[in-house]
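Shown next, in structure tokens, is the structure this report addresses.
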Amino acid sequence: MANRSSSSLFLLLLHLLIFSSSSMAKEDKDEDRSSSCTGSIVFATLGRANYAFDIFTLPISPPKPNNNNHDQKNELQITDGKSVNFNGFFASPTSPSILSLLSNQSLLTLINSTSSPTLQLLIYVTERDGSSNIYLDAYYYDESSFTKINNNPSSSSRRRSRSALEETFSTRVQIPLLQEKQSNNKNNKISTSKIVSMKDRPSISGEFLIYVSTRENSQVPRKSWAAVYSTHLKTGETQRLTPSGVADFSPAVSPSGIWTAVASSGEKGWDGEIEDLNTHIYIFRTSDGSNRIKVVDHGGWPCWIDDSTFYFHRSSDDGWWSVYKATLPPTTNTQKRTIQNDSVRIERVTPPGLHAFTPAVSVKNKRFIAMATRRPTSDFRHIELFDLTTNQFVELTRNVSPKTHHFNPFFSFDGTQIGYHRCRGSGNGEEKKQLLLENIQCPSQEISLFRIDGSFPSFSPNGDRIAYAGFPGLYVVNRDGSGKREIFSGAAFSTAWDWKRKGVVYASTGPTFASESTQVDIISVTIHDDDDKNGRGMDGIANNSRVISSSKSSVKKLTTGGQNNAFPSPSPDGKWVVFRSGRSGHKNLYVMDALEGEKGGIYRLTEGPWTDTMCNWSPNGEWIAFASDRENPGGGSYEIFFIHPNGTGLKKVVHSGEGGRTNHPWFSPGSDHIVFTTDYAAVSAEPIANPHHYQPYGDIFIARADGSEMQRMTHNSYEDGTPAWGPTFMKPVDVVEWPSTGSSCSFDDCHWLGQSTPNIALGGVPPKHRC
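With mature numbering (1 follows the signal peptide of the UniProt record, and there is no 0) applied, the sequence shown covers -25 to -1, 1 to 746.
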């Protein structure tokens, strides 16, 4: 046993812990705490607040290889700048099916008034109002308003006048293409029948919208919920095109509309790979998902040039991500195909020496393939054209925004423009702002759900305040997001409030993801609220101000030795703090005195050659929940366990299958549920199509305290984590918009792209690095 002065101290502490556990349970019963699944859950998504994606376009003419004549005057932002908009697709502006099915008066008025200007119909994924949806935006630009640069009549480059589009913004037509069904329950509350998430590129086929959704539980741990669906635009009738038990990504509809190609993981589960999912490409009939055939081993992100030819990307044997071409054998029956495994001809299109991925093509302009690239000379991904006649690249976005990532290109319907999404930053003369607390649509009407622009949030005992880590620093805000105050300026993570001592927050100070011997310690920070009277900070500025007040606080170090002491969680009687420590050479759980720390007494709660971490003490005092890899030490797999504060009753509660990760458990206010982050739902999109995350998976789930009745709360293609559950139901609206304190669009591309450049001189093959 570590750090025990004597066996008598051990027995005394054990007795105190047992007594404390039972007395706390009695106190909880006397207080008659609610056992219902209510309150608010706040979680973090690292980097998400900086995305601010919008869809932009650039003209592709004049198409001269190595003549990079594009600049900011050519680029046009075509989405609204008010939400996160990405993965676009241009539909035909003359499509009778779309125009007749939508029957939107505003759209018809716009169409009837645009005899001269060029009408565009953009379909894209958007995150707004706390959920994901697919929108159609109708807009136009006037070809006659193109002007010569510097009024030089001989100039071959043109500047698109923004005035026409800006005028259209006031009459912009935006139509959600998927409507949630709502029903009245017995309490007269409106409830949403299903939470739908679209994180992949949508397409139109006749009268149907083809898209990816995670609406249905795969019922298998670590099996993606991503599947392709077809929804009739007028009736809303929806059918699943992906077979049950299969995960499909990145659908593309052929020019005739008969076939859809997908990147599919098939029926196999997910092994945690985050660089190359090693998907295969299948095709099936768009109308009903029938005649499903595997046509390519190892490929993703297909895009059709005709009904027998498509392009795709894959990680090549030489280490470079490259674009390939697949040619299917000819058929006389366009409604049905029969393909042998060796009858599909596959050719590599892009050469080694750069990464090329997420290709796009146009049936109106077959000369070029658009793609995102990562060159060894750049830290950013850019959109380029590959000229199939000259086998040369034409750069599009590098001269426009050289230090911004550009994602997932697509062609305009007439083949003259390239669309893509990137972070809008502080363009259009607007100050870049981001939400401190972003409301997320929650499947439970009794719980409100928020994403915080920070990490490791925790609620004060009465739910009126939230503490969180800012990397660096610790901050406290009111539960409505106002009154932001820095209480500690150093490197810190993992916050928790004392149950009895008002204004005391526990945290870990030091680096994250560190070894057992790394200097990390537990501190308690006491907030002196006397300096924050009448809702004003130390500088006298109202708490809803953009200014962060420098609140006075006192800091006390509770651990000694600094051997990776982290994740403190106090007991509800305010006497003890459980935490993890690497002092024995392994990360196990310990319990120490809440006021004096180790000096007041310490007891080792778990012991073994594994990692026990991320602990949370239940509000009724009965259990301590924690994440552990004890069933596969060092293997990267984590499960949630419970243990009584006296060291008895160890039990496994939640796991996400062999090799899975379930982390950061937190008890509900009634102690009868837990919230946690897990890879149970695997990935929801091809990781290469998104920005960098430490892991492009991880959703927020809740479950009963015995691990039953798991319910998915978030549906994302990026990492949600570090949830906390508070006792107060917070009104489900976005709160407190702050000017961005970081650099515009400050997020990374996938690290394994930047770190995996082969050493050509040495004939090297890039090593694999996980995001």
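For every residue, glycine included, the Cβ atom is placed at its ideal position computed from N, Cα and C.
Starting from residue i, trace the alpha helix (DSSP H) both ways and give me its first and last residue.
i    : result
H726 : 726 to 729
Could you give the distance in angstroms between the alpha-carbon of residue i and the alpha-carbon of residue j?
i    : j    : result
A489 : S631 : 24 Å
E421 : G673 : 23 Å
F617 : V552 : 16 Å
S158 : C417 : In this prediction, S158 has a pLDDT of 44, which is less than 50 and means its spatial position is unreliable; what the coordinates show is noted afterwards. Whole-angstrom Cα-Cα distance: 15 Å.
N437 : A471 : 13 Å
P662 : E461 : 35 Å
F355 : E50  : 18 Å
N665 : S692 : 8 Å
K550 : D439 : 22 Å
K269 : L564 : 49 Å
C12  : D681 : 14 Å
T365 : T210 : 47 Å
D723 : G576 : 44 Å
C725 : D29  : 20 Å
I427 : G244 : 31 Å
S520 : R605 : At S520, the pLDDT of 31 sits below 50, so the modelled position is not reliable; the number obtained from the coordinates is stated separately. S520 and R605: Cα-Cα distance of roughly 47 Å.
D251 : L728 : 11 Å
T352 : I35  : 23 Å
L33  : Q367 : 19 Å
P277 : A301 : 9 Å
P447 : E102 : 28 Å
E142 : Y110 : Because E142 sits at a pLDDT of 43, beneath the cut-off of 50, its placement in the model cannot be relied upon, and the following sentence gives the value as read from the coordinates. So the two alpha carbons sit approximately 20 Å from each other.
State the beta-bridge partners of residue i as determined by DSSP.
i    : result
D281 : T284
D568 : W551, G572
E597 : In the DSSP output, where bridge partners are listed per residue, E597 has none listed.
H255 : S239
G394 : T32, F385
H648 : R679
R320 : T302
A19  : I427, G696
T484 : A467, D496
G14  : I422
I268 : I258
L184 : I179, T206
F617 : A600, K626
Looking at the secondary structure, which residues open and close the beta strand (DSSP E) in which residue i lies?
i    : result
D455 : Note, D455: premise wrong, no beta strand (DSSP E); not H, not E.
A699 : 696 to 701
T348 : 343 to 349
F28  : 28 to 34
Q149 : 148 to 151
D587 : 587 to 592
L329 : Segment: none, L329 is in no beta strand (DSSP E) and carries neither H nor E.
I358 : 357 to 362
Y655 : Run containing Y655: none; DSSP gives neither H nor E here.
D496 : 496 to 502
T637 : 637 to 642
P447 : No beta strand (DSSP E) holds P447; DSSP gives it neither H nor E.
K198 : Unbroken run through K198: none, as it is neither H nor E.
N62  : 59 to 66
F368 : 367 to 370
V228 : 222 to 228
Report yes if the CB atom of residue i is closer than 8 Å to the CB atom of residue j, and no otherwise.
i           : j    : result
S683        : F642 : no
residue 747 : F651 : One cannot answer for residue 747 here, as it falls past the ends of the chain, which runs -25 to 746.
S239        : V228 : no
residue 747 : E370 : Absent from the model: residue 747. The displayed extent of the chain is -25 to 746, so no value can be given.
S172        : S188 : yes
L329        : R312 : no
S275        : R289 : For the sequence presented, residue 275 should be read as Gly rather than Ser. Going by C-beta atoms, G275 is nearer than 8 Å to R289.
V336        : I258 : no
P226        : S265 : no
F425        : S528 : no
D695        : I677 : no
A66         : L21  : no
F468        : S430 : yes
Are there three or more Cβ pairs, one per stretch, closer than 8 Å when the segment 636 to 653 is compared with the segment 605 to 617?
yes
May I ask you to verify whether the segment 392 to 402 touches the segment 55 to 62, counting CB pairs closer than 8 Å and requiring at least 3?
yes
Touch test, the segment 682 to 689 against the segment 577 to 587, Cβ-Cβ under 8 Å, three pairs minimum
no
Per the contact definition of three or more C-beta pairs closer than 8 Å, is the segment 10 to 21 in contact with the segment 333 to 344?
no
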